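First up is the structure itself, then whatever we jot down about it.
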Amino acid sequence: MEKIRTFIAIKISPELMQHCAALIDELKTLPAAVKWVKPETIHLTLKFLGNITRDQLEQVQQVVESVVRGEGAFELESAELGAFPSLDRPRVFWVGLAGNGQQQLMALQKKLESALAQIGFPEEARPFKPHLTLGRVKSSRQLTQVIGKIKSTAFPNIAFPVKEVLIMRSELRPDGARYSVLKSFPLQERASQ
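Quick note on numbering: the numbering used here labels position 47 of the sequence shown as 47, and the sequence is numbered without any gaps.
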């Protein structure tokens, strides 16, 4: 039976993607064993589901639709640069996300997490930290310059609208992961004041 590697995500704006791309281009020039992401694949993951069947995908779609229904669109913005678990022992480099819609984002993610747990997807043990992955560390050698650059870079605060929640497919290929949208769930537009 075919399994589909799936996650739930939010897309970022082209402007923010360009700023991430420029930073990645700079970081790539430094000597470090880091697998930098392709800028066009950058997204905010709300929940990674792993390899699921078509039947599970249908259940997931129903759950996401019910959680998202009635939710309003909101705005996020890029914030600080950082690393998991920390800049002293980095495994993943990221751009943090904050902004006016952060509380709504956190509530939406929590609702998705608990609704998906009811159909067999365990809740994530770690607290949700909204971020955009820039790169994954392959070896801890020669990271000093990259860490220095991350610490010294003031990443701009770029606001972007969140108008939909996406169920995405991830296909792992030799040249990196390729993502495609399986289903889009629009958020309600706010009436302008």
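Note that CB positions come from ideal geometry on N, CA and C, so glycine has one too. If you're wondering where the values come from, they're calculated on a predicted model, not measured in any experiment.
Relative to the alpha-carbon of Glu2, which residue among Gln56, Ala9 and Leu23 has its alpha-carbon at the smallest distance?
Looking up residue 2 in the sequence shown gives position 2. The shortest Cα separation from Glu2 among Gln56, Ala9 and Leu23 belongs to Gln56.
When the Cα of Gln104 is compared with those of Pro130, Pro122 and Glu123, which residue comes out closest?
Here residue 104 refers to the residue found at position 104 of the sequence shown. If we check each option's Cα against that of Gln104, Pro130 comes out closest.
Please report the residue range of the beta strand (DSSP E) in which Val64 lies.
One-based indexing of the sequence shown puts residue 64 at position 64. No beta strand (DSSP E) holds Val64; the alpha helix (DSSP H) holding it covers Arg54 to Val68.
On the premise that Phe128 lies in contact with Ser78, defined as a C-beta separation below 8 Å, what is that separation, rounded to the nearest angstrom?
Sequence index remark: in the sequence shown, residue 78 carries index 78 (1-based). Sequence index remark: in the sequence shown, residue 128 carries index 128 (1-based). Actually they do not touch by this definition, with Cβ atoms about 17 Å apart.
Ala107: buried (16+ other C-beta within 10 angstroms of its C-beta) or exposed?
The residue labelled residue 107 in the question sits at position 107 within the sequence shown. Looking at its Cβ environment, which holds fewer than 16 other Cβ atoms inside 10 Å, Ala107 is exposed.
Val63 and Ala22: beta carbons closer than 8 Å?
Numbered from 1 along the sequence shown, position 63 holds the residue referred to as residue 63. Numbered from 1 along the sequence shown, position 22 holds the residue referred to as residue 22. Going by C-beta atoms, Val63 is not nearer than 8 Å to Ala22.
So, with DSSP's three-state summary, where would you put Val165?
Residue numbering aside, residue 165 sits at position 165 when the sequence shown is read from its first letter. It is a strand residue.
Once you ignore the five residues that flank Thr144 on each side, which residues in its own chain have a CB closer than 8 Å to its CB?
As a first step, residue 144 is located in the sequence shown; it is residue number 144 there, counting from the start. Excluding sequence neighbours, Thr144 sits near nothing in its chain.
Rounding to the nearest angstrom, what Cα-Cα distance links Gly120 and Gln59 in this structure?
Here residue 120 corresponds to residue number 120 of the sequence shown, with the count starting at 1. Here residue 59 corresponds to residue number 59 of the sequence shown, with the count starting at 1. Taking the straight line joining both Cα atoms gives about 10 Å.
Nearest by alpha-carbon distance to Leu16: which of Tyr179, Asp175 and Leu134 is it?
Here residue 16 refers to the residue found at position 16 of the sequence shown. The shortest C-alpha separation from Leu16 is found at Leu134.
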